[in-house]
Amino acid sequence: MDNIKNGRLLSLFLAGMLLLAISCSEEEVIPEIELEEPVENSRTYIYDIFKDWYFWLDQVPELDPNNYSTNESLVEALMYDELDRWSFVTSLDAYRALFEQAQTKGFGVGMAVTPDQRLMVRFTYKQSPMGLAGVDRGWEFIRINDVPLENIPDLGAAFDTDTEVKFTFVTTDNDTVSHSMTRTDYQMNTVLHWNVLDVGTKKVGYLVFESFLEPSLQELKDVFTDFQAEEIDELVVDLRYNGGGNLGIAFLLEELVGGSDIEGELLGRIIYNKKHTDDNVNFGTQGNELSVDVDRLFFITTGASASASEMVINGMFPYKEVVTIGSTTAGKPVGMSVFESEEYNMALAPVTFKLLNASGQGDYFNGIPADYDVVDDVFRGWGNPDEACLKTALDIIRGNDVIALKSIKLQPQGLPLKRGLQEITGAY
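My numbering puts the sequence shown at residues 362 to 789.
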């Protein structure tokens, strides 16, 4: 029988596993924490964990967990409304599929609605139905099942179906095309794009990174092997849609972008609640053979950049010149631990810690602001040097005067808000 006594605690940032061995060549080390008393049901299991591990321990209300009909409603009742927007519970199967295999189900498309109510493709995953059909960033949805979008009252329902759906688009070449597809299980690619641009006499590495998951290890190795071979002089890391993920992958990305400046240095500190101060930990790095040495780092961000993405940016402030372009990040300076229960087929992820950088900076609940306030240019594809955010970085590299466009916050209006595992994928 699986209960709190043999539940496993996996420390994460957003819901990714904490790797005590940071180097990509080391095996993952996951701490086992003994939680002593058996429990009578899943609601008691949840309540006991919140009373012990929740970061805002003093804010956990006294209640009878058995008065709640679902695990989800109980977690909602236990969350600290003022600051916690992230704690969640899901099935163990779904959690493992996403974090260990990057497996999820859907059409595989991230979308945004522009101020003039146009539904645009932000990105697609290569192996998803949308990706396999060739749908790409910058395409515009105009009809679903031959019905114009303005005549569809519930866009969320249009994507939440297992029946075949016909989507009609206008492409970036201004062609009108239609594709019929059914949402399926697929494996996400976490690197959406990378290339090297020649800017004057400089080589500029450009990486679009969408989430921190286990397959990211090999994907990032491939990218930075290429960057090293190209001997890049500048680096632009595009995290505009990266909602977080595995904390160990975030450490790896810090190593790769930090270069020799962070070798042997402290990267940050994890701080738990007052009952678990002995679990607080400092983490550092001895460097990574695939890292690149650049004098400054450009990060492209939006309000969808959260959690592990923000940790990477914050972690570089003490060591690098950091230039942020786009708009203010989500503001999630805390992380979750995942408690797995085989008995209840449940993964519980309450906020359990905050994370500081080497200078003690953190608590950015209002987000990390952009140095250059620039629109998310969803009308141009990845790597297009005229895309507004990338163009701003390239203009700075050229030494040009930069006039920042007013950032427009693109929202998936008419579509349901995402939370938990969907917050990480950012896709339907």
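Just so you know, even glycine gets a beta-carbon here, dropped at the ideal spot from N, CA and C.
Legend entry - Rounded C-alpha distance that separates Ile631 from Thr533: If you draw a straight line from the Cα of Ile631 to the Cα of Thr533, it is about 44 Å long.
Inset, instruction - Counting only runs of 3+ residues fully inside the segment 485-554, write out the beta strand (DSSP E) ranges in chain order. - result: Entirely contained in the segment 485-554, the beta strand (DSSP E) runs reaching 3 residues are, in chain order, 501-505, 526-531, 537-542 and 545-548.
Inset, instruction - Report the three-state DSSP secondary structure of Leu658 (helix, strand or coil). - result: Of the three classes helix, strand and coil, the one that applies to Leu658 here is strand, per DSSP.
Inset, instruction - Using 10 angstroms around the beta-carbon of Pro426, count the other beta-carbons present and answer buried if the total reaches 16, otherwise exposed. - result: Answer is buried; the Cβ neighbour count reaches 16.
Inset, instruction - Under the assumption that Phe570 contacts Val552 (Cβ atoms under 8 Å), give the Cβ distance between them as a whole number of angstroms. - result: Right, their Cβ atoms sit about 6 Å apart.
Inset, instruction - State the DSSP-derived secondary structure class of Gln464, mapped to helix, strand or coil. - result: In the three-state DSSP reduction, Gln464 falls in the strand class (E or B).
Inset, instruction - Run the CB neighbour count on Arg657, radius 10 Å, all protein chains shown included, and call it buried at 16 or more, exposed below. - result: In summary, Arg657 is exposed, with fewer than 16 beta-carbon neighbours lying within 10 Å of its beta-carbon over all protein chains present.
Legend entry - Own chain residues within Cβ distance below 8 Å of Trp417, not counting five before or after: Within the same chain, Trp417 has close Cβ partners Tyr441, Leu444, Asp445, Asn634 and Val712.
Inset, instruction - Closer than 8 Å by C-beta to Tyr725: which residues in its own chain qualify, once you throw out the five before and the five after it? Chain order, please. - result: Excluding positions up to five away in sequence, the list reads Glu671, Asn675, Thr690, Gly692 and Pro694.
Inset, instruction - Rounded to whole angstroms, what's the CA-CA distance from Ser403 to Asn550? Just pull it up for me. - result: About 33 Å.
Legend entry - Contacting residues, own chain, Cβ-Cβ under 8 Å from Thr662 (five flanking each side not counted): Answer for Thr662: Leu600, Arg601, Ser670, Ile674, Thr685, Ile686, Gly687, Ser688, Thr689, Thr690, Ile729 and Ala731, listed in chain order.
Inset, instruction - Leaving out five residues on either side along the sequence, give the residues of the same chain with a beta carbon under 6 Å from the beta carbon of Ala590. - result: Shown here for Ala590: not one same chain residue has a beta carbon closer than 6 Å to its own, the five before and five after excluded.
Legend entry - 4-residue-minimum alpha helix (DSSP H) runs that sit fully inside the segment 620-698, ordered along the chain: Taken in chain order, the unbroken stretches of alpha helix (DSSP H) that lie wholly in the segment 620-698 and span 4 residues or more are 669-677.
Inset, instruction - Have a look at Asp654 and Gln462 and give me their C-alpha separation to the nearest angstrom. - result: Between Asp654 and Gln462, the C-alpha separation is close to 31 Å.
Legend entry - Same chain, Cβ closer than 6 Å to Glu525, five either side skipped, listed in chain order: Cβ within range, chain order: Ser541 and Thr543.
Legend entry - Asp583 - DSSP class collapsed to helix/strand/coil: The answer is helix: DSSP assigns Asp583 an H, G or I state.
Inset, instruction - Can you tell me the Cβ-Cβ gap for Phe612 and Leu627, rounded? I've got them flagged as a contact below 8 Å. - result: Rounded, the Cβ-Cβ distance is 12 Å, inconsistent with contact.
Legend entry - Classification of Ser652 by the beta-carbon crowding that lies within 10 angstroms, buried from 16 upward: So Ser652 counts as buried.
Legend entry - Option in Ile513, Thr545 and Phe644 with minimal Cα separation from Asp523: Considering only Ile513, Thr545 and Phe644, the residue with the shortest C-alpha distance to Asp523 is Thr545.
Inset, instruction - For Arg483, name the three-state secondary structure that DSSP assigns. - result: Arg483 falls in the strand class under three-state DSSP.
Legend entry - Nonlocal neighbours in the same chain, by C-beta distance under 8 Å from Glu575, ignoring five residues either side: Cβ within range, chain order: Phe460, Glu461, Gln462, Ala463, Asn607 and Ile610.
Inset, instruction - Use the C-beta contact count for Ile757: other C-beta atoms within 10 angstroms, 16 or more gives buried, fewer gives exposed. - result: Buried is the call here.
Legend entry - Minimum length 4: unbroken alpha helix (DSSP H) runs contained in the segment 406-477: Those alpha helix (DSSP H) runs which fall completely within the segment 406-477 and span 4+ residues are 432-439 and 453-462.
Legend entry - Which residues DSSP lists as bridging Asp599, in chain order: Beta-bridge pairing links Asp599 to Val569 and Ile661.
Legend entry - Whole-angstrom distance between Tyr486 and Pro509, CA atom to CA atom: Distance between the alpha carbons of Pro509 and Tyr486 is about 25 Å.
Inset, instruction - Kindly identify the DSSP beta-bridge partner or partners of Val557. - result: The beta-bridge partner set that DSSP reports for Val557 consists of Gly566.
Inset, instruction - With DSSP collapsed to three states, give me the class of Ser577. - result: Helix, per DSSP.
Inset, instruction - Given a cut-off of 7 Å, decide if Gly499 and Arg741 are closer than it, judged by their beta-carbon atoms. - result: Judged by beta-carbon spacing, Gly499 lies within the 7 Å limit of Arg741, meaning their Cβ atoms are closer than that value.
Inset, instruction - Could you work out which residue in Thr638, Glu682 and Glu704 is closest to Trp414 when comparing CA atoms only? - result: Selected option, being the one with the closest Cα: Thr638.
Legend entry - Where Gly469 falls, given that 16 or more other Cβ within 10 Å makes a residue buried: So Gly469 ends up on the buried side.
Inset, instruction - Check whether the Cβ atoms of Pro679 and Ala710 sit closer than 7 Å, and answer yes or no. - result: It is not a contact, given that the beta carbons lie outside the stated cut-off.
Legend entry - First and last residue of the uninterrupted alpha helix (DSSP H) at Ala749: Segment Ala749 to Arg759, the alpha helix (DSSP H) holding Ala749.
Legend entry - Reference Leu516, options Arg483, Pro490 and Met472, closest by Cα: Relative to Leu516, the option among Arg483, Pro490 and Met472 whose CA is nearest is Met472.
Inset, instruction - Give a yes or no on whether the C-beta atoms belonging to Glu616 and Asn649 are separated by under 7 Å. - result: Their beta carbons are under 7 Å apart, which means Glu616 touches Asn649 by this criterion.
Inset, instruction - Using 10 angstroms around the beta-carbon of Leu716, count the other beta-carbons present and answer buried if the total reaches 16, otherwise exposed. - result: Buried.
Legend entry - Sequence-distant residues of its chain with Cβ nearer than 8 Å to Phe530 (five each side left out): Close CB contacts of Phe530 within its chain, under the 8 Å cut and outside five residues either way in sequence, are with Val482, Val496, Trp500, Glu501, Phe502, Ile503, Thr537, Val538, Ser539 and His540 (chain order).
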